[in-house]
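Contents: one structure, followed by commentary.
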Amino acid sequence: YRVIGPNEMDDYDLASRLSYFLTQSPPDTKLKKLAKAGKLSNPETLRREARRLMPDSPDHPMIQSFTGQWLDTKMLNDIMPDPKLKFSENDIKIAKAEVEWFFSAILNENRPLTDFIDPDFTYSTVGFAKKIYEYQDPNPKPKMDNYRVDVRGLQLERIPLPRGGRYGGLMAQSAIMTATANGVDTQPVLRGVWILENILGTPPPQPPKSVPALTPDIRGTTNPKEMLAAHMADGACATCHKQIDPIGFMLENFDPVGRWRENWPKIDVPIESSGTLPDGTVIHDVTDFKAWLVDNIDLFSQCLSEKLLTYATGRVPNYKERKEIETIVKLNHGAGNGFQDLFLALIQSETFRTK
Numbered sequence: 007y008r009v010i011g012p013n014e015m016d017d018y019d020l021a022s023r024l025s026y027f028l029t030q031s032p033p034d035t036k037l038k039k040l041a042k043a044g045k046l047s048n049p050e051t052l053r054r055e056a057r058r059l060m061p062d063s064p065d066h067p068m069i070q071s072f073t074g075q076w077l078d079t080k081m082l083n084d085i086m087p088d089p090k091l092k093f094s095e096n097d098i099k100i101a102k103a104e105v106e107w108f109f110s111a112i113l114n115e116n117r118p119l120t121d122f123i124d125p126d127f128t129y130s131t132v133g134f135a136k137k138i139y140e141y142q143d144p145n146p147k148p149k150m151d152n153y154r155v156d157v158r159g160l161q162l163e164r165i166p167l168p169r170g171g172r173y174g175g176l177m178a179q180s181a182i183m184t185a186t187a188n189g190v191d192t193q194p195v196l197r198g199v200w201i202l203e204n205i206l207g208t209p210p211p212q213p214p215k216s217v218p219a220l221t222p223d224i225r226g227t228t229n230p231k232e233m234l235a236a237h238m239a240d241g242a243c244a245t246c247h248k249q250i251d252p253i254g255f256m257l258e259n260f261d262p263v264g265r266w267r268e269n270w271p272k273i274d275v276p277i278e279s280s281g282t283l284p285d286g287t288v289i290h291d292v293t294d295f296k297a298w299l300v301d302n303i304d305l306f307s308q309c310l311s312e313k314l315l316t317y318a319t320g321r322v323p324n325y326k327e328r329k330e331i332e333t334i335v336k337l338n339h340g341a342g343n344g345f346q347d348l349f350l351a352l353i354q355s356e357t358f359r360t361k
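In structure tokens, the structure reads:
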């Protein structure tokens, strides 16, 4: 029989956690043999097996499941964009696949974590990229690569993007902008909260029960930013909205499906996307925020690491575990900041290896 402490995992437990995390299925024969021999708890053996089982394609169940939960792309099937937006069901499929292919590329190529924020590429069809991202195709027949076609029959290509531009990265991807809108109008408060929760890892508290909900659309003749000014002035709302609003309105140039726009519809006035972040940094639009986040990339890396370990272990990391993650993030940053390196280091962590 096995004798282990109340929070410890033996090799069999570790084999199950590793396998279900990376493959969504029970341990294979090799993992079982290593567990039986008591070798899987060796850090280097664990890393080697994690590398062997790492999801290596965009349509891998782990990538689809994790990105769907973390980035809320699982909600896309429930959103019906306004016909005026000319965004079809197939466009939704392409937008969702873009996120999965993008994540897969950064993981499997061990690209720096800053590429999640300000990359020089994405994956899309040329038609979708032209339609949503203003892409100008210089080569009608690009070279084949390992990510060209997935098992769903979707054919995406690696689309080059300029760093520092309005498009590119999670915050500018169509799937994210669609998931944080309602199919008809943008929702700056929801988008701001989404960034705080899923990119920065600093979710605001729940609003006071006495505060009425804001209508998510922008009907009428009032500037949407001015509509929130009253909430900023309210003592019960000001603290949270000072965090939420600058980020939410920074994304207002993206319409409900991620196209760039200069004016608010219906009232036809220029969008006010500037704001001040909690640390005093002034931003004018999404490009400024992306540059700020690249300079503070460990905020994102910490958030992503906690999301991954929550997904893997089924529990939210406690204070001690968050401090361990913080150390791993800093060490990884100093060693090149590759996402695959961070991914494997998290699997070797005490947080991953305990119940």
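Using the numbering used here, the first residue of the sequence shown is number 7, and each one after it goes up by one.
Backbone N, C-alpha and C fix where the C-beta goes; we use that ideal spot for every residue, glycine too.
Query	Result
Stretch pair the region 194-202 + the region 251-262: three plus CB contacts closer than 8 Å	yes
Secondary structure of Arg164, DSSP reduced to three states	strand
For Val275: DSSP bridge partner residues	Trp270
Distance between Lys272 and Pro323 (C-alpha atoms, nearest Å)	45 Å
Cα-Cα separation, Asp191 to Phe108	26 Å
Counterpart residues of Glu14 in DSSP-defined beta bridges	Thr360
Three-state secondary structure (DSSP) of Arg225	Legend: pLDDT at Arg225 = 45, less than 50; position of this residue unreliable, value from coordinates given subsequently. Note: Arg225 maps to coil in three-state DSSP.
8 Å Cβ cutoff met for Pro118 and Asn343	yes
Residue(s) in a DSSP beta bridge with Ser130	Glu163
Cβ-based neighbour list, Trp298, same chain, cut-off 8 Å, excluding 5 preceding and 5 following	Leu283, Thr287, Ile289
Gly198 - containing alpha helix (DSSP H), residue span	194-201
Cα-Cα separation between Ile303 and Val292, rounded to whole angstroms	15 Å
For Gly340, the three-state DSSP class (helix, strand or coil)	helix
Cβ-Cβ separation, Glu278 to Lys1 (assumed contact under 8 Å), whole Å	Nothing in the structure corresponds to residue 1, since the chain is present only between 7 and 361.
Whole-angstrom distance between Asp274 and Leu352, CA atom to CA atom	48 Å
Candidates Val105, Asp97, Asp65: closest to Asp78 by CA position	Val105
For Phe306, the residue or residues it bridges with in DSSP	Note: Phe306 sits in no beta bridge, so no partner.
Residue closest to Pro194, alpha-carbon to alpha-carbon, out of Leu167, Lys80, Asp261, Ala111	Asp261
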